[in-house]
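Trainee:
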Amino acid sequence: MLLESKGYIVNVSSTAALGSHAWTAAYSASKGGISAFSKTLAVEYGVKGLNVNCVCPASINTPMTKNPNLPKDIDTRLLKKIMPVDGVNRSPDDIASTIAFLASEDALHINGIDLRVDGGLLT
0 MLLESKGYIV NVSSTAALGS HAWTAAYSAS KGGISAFSKT LAVEYGVKGL NVNCVCPASI
60 NTPMTKNPNL PKDIDTRLLK KIMPVDGVNR SPDDIASTIA FLASEDALHI NGIDLRVDGG
120 LLT
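Each residue of the sequence shown is one higher than the one before, starting from 0 at the first, in numbering that gives the first Met the number 0.
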């Protein structure tokens, strides 16, 4: 049915798929898998009219960002900037509006991208 309607798939990954963050190997690998999966589907089904994209947020107000599970006695040299340029953690609603855009006809010619919604974090 999705192929008949020439619809849109928007997967949610993370900036962890695109950059390095200490102590996040499993998380980063899983998010990288989502990104690669999205690109593969975009290629395979793009010729059939299906758009598949991936949103990569950072610094979103979630339980994970409020209480990061870091190892004890961390090497602080591995800490790096984890906040966006404006210093504001955004809400899940901010990501929802990006997803709504990518799932709309306004994004008709956007296919196979990782769209960072990170306030400039990885810039």
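The C-beta atom is built at its ideal place from N, Cα and C for all residues, glycine as well. Everything numeric in this text was worked out from a predicted model, so none of it was measured.
Which term fits Arg115, buried or exposed, when burial requires 16 or more other beta carbons within 10 angstroms of its beta carbon?
Mentor: Flag for Arg115 reads buried.
Trainee: Under 8 Å, do Ala16 and Ser34 count as touching if we go by C-beta distance?
Mentor: Against a cut-off of 8 Å, the Cβ pair of Ser34 and Ala16 comes out as a contact.
Trainee: Between the stretch 37 to 47 and the stretch 18 to 27, do three or more beta carbon pairs fall short of 8 Å?
Mentor: The answer is no - the stretch 18 to 27 does not touch the stretch 37 to 47, with fewer than three Cβ pairs under 8 Å.
Trainee: Identify the continuous alpha helix (DSSP H) that holds Val42 and give its terminal residues.
Mentor: Where Val42 is concerned, the enclosing alpha helix (DSSP H) stretches over 24 to 45.
Trainee: Return the Cβ separation of Ser90 and Asn60 in integer angstroms, given the expectation that the two are a contact with Cβ distance under 8 Å.
Mentor: That pair is a contact at about 5 Å.
Trainee: Out of Leu1, Lys30, Leu2, point me to the one whose CA is closest to Ser12's CA.
Mentor: For Ser12, the nearest C-alpha among the options comes from Lys30.
Trainee: Taking a contact to mean a Cβ-Cβ separation below 8 Å, would you say Val51 touches Ser37 in this structure?
Mentor: Yes, the Cβ-Cβ distance between Val51 and Ser37 is below 8 Å.
Trainee: The beta strand (DSSP E) with Leu1 in it runs from where to where?
Mentor: It is not in any beta strand (DSSP E) - Leu1 instead sits in the alpha helix (DSSP H) that spans 1 to 4.
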